[in-house]
Amino acid sequence: MDSGEFLERLKREVIGHPALTHPFLERFGDGEVSAEGVRTFAIQYYRHVRVSRLYLAALISNCRDDEPLQLALASVLFDEYGNLDPEETHPALYRRFMRALEISEEEWEAPPTLPEIELYISAHYDLCRNPDIRLGLGAMGPASEWPVPPIYARIAEGLKKAAGLDDEALEMFTSHVTMDVEHARIMMEAVAPYAEDEEGQRRVREGTMRSLDARSVMLDGLYKAVYGEPAPLTGAARDAAG
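Residue 289 is where the sequence shown ends in this note's numbering, and the numbering goes up by one at each step.
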């Protein structure tokens, strides 16, 4: 199949991945979470948000001979850095969200990072630093730009219900719902030339699935930290467990 058909099929696979219907997103999105659970989520998820731009930067450093690809990735990274406004970078927006919850810097820095979040971070550095840039493109393109809008919309719903936060406090989440539509277009155009043959498609898909599987693990960790119990098995995982 050509790259366009491949990406359409991959999009359906991504949208159907269990990470997008994880029990954490279902329960949290319904507002079924305590004030302490909201604070736990906010502090732990920041550990990912504050380094997520660096995955993309690592991928750019791997694109030594493809200047058009560097430019495409850099345009997305420019948005992540708030168009170079220190108050509008994604970590800055997230800190605004935490301050709305009256979480101090001492509080958000104190707890150790959940091992499941550490795994997610390590997995993405590994994917984006891999000499085969098709793995990183899968992780930062299909696995990031397609799923994040529905995931962040669900998280924002839960935060409005459970914590009564306004749109300004939730800008970190709500901005991605619209911004990532354009990012998805940019990233898919960047991925397409690397997915024109069977091997390229296999490697892009591998990076995509490894990223999404790592996201599922991260959500498992958040579920346990927020709700004090393991995430329930669903679908294929429940069937596999017998």
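A virtual CB, placed ideally from N, CA and C, is assigned to each residue, including glycine.
Asked                                                                                                                            : Found
Determine the DSSP secondary structure at A210, reduced to helix, strand or coil.                                                : helix
Apart from the five residues on each side of it in sequence, which residues of its chain come closer than 8 Å, Cβ to Cβ, to V98? : I168
Any idea what DSSP makes of D286, helix, strand or coil?                                                                         : Caution is warranted here: a pLDDT of 40 is assigned to D286, below 50, making its placement in the model unreliable, and no coordinate value can be reported.
Could you pull the start and end residues of the alpha helix (DSSP H) that W155 belongs to?                                      : 152 to 156
For E204, which of L72, Y128, I90 has the nearest alpha-carbon?                                                                  : L72
Count Cβ pairs between the stretch 57 to 74 and the stretch 128 to 139 that sit closer than 8 Å; are there 3 or more?            : no
Look up T136 in the DSSP assignment and say whether it is helix, strand or coil.                                                 : coil
Considering Cα atoms alone, identify which of L184, E218, A186, A210 is closest to A200.                                         : E218
Closest to E55 by CA distance: which of S258, P197, E236 is it?                                                                  : E236
Out of A190, L118, E83, L120, which has the shortest C-alpha to C-alpha gap to V251?                                             : A190
State the DSSP-derived secondary structure class of D77, mapped to helix, strand or coil.                                        : coil
With distances taken from CA atoms, which of E60, I202, I107 is nearest V85?                                                     : I202
Using only the alpha-carbon positions, how far apart do A272 and E163 sit?                                                       : 10 Å
So, does the stretch 171 to 178 touch the stretch 206 to 218, judging by three or more C-beta pairs under 8 Å?                   : no
Out of Y274, G275, R262, point me to the one whose CA is closest to H64's CA.                                                    : R262
Pull up the CB-CB distance for V96 and Y141, whole angstroms please, since I reckon it's below 8 Å.                              : 5 Å
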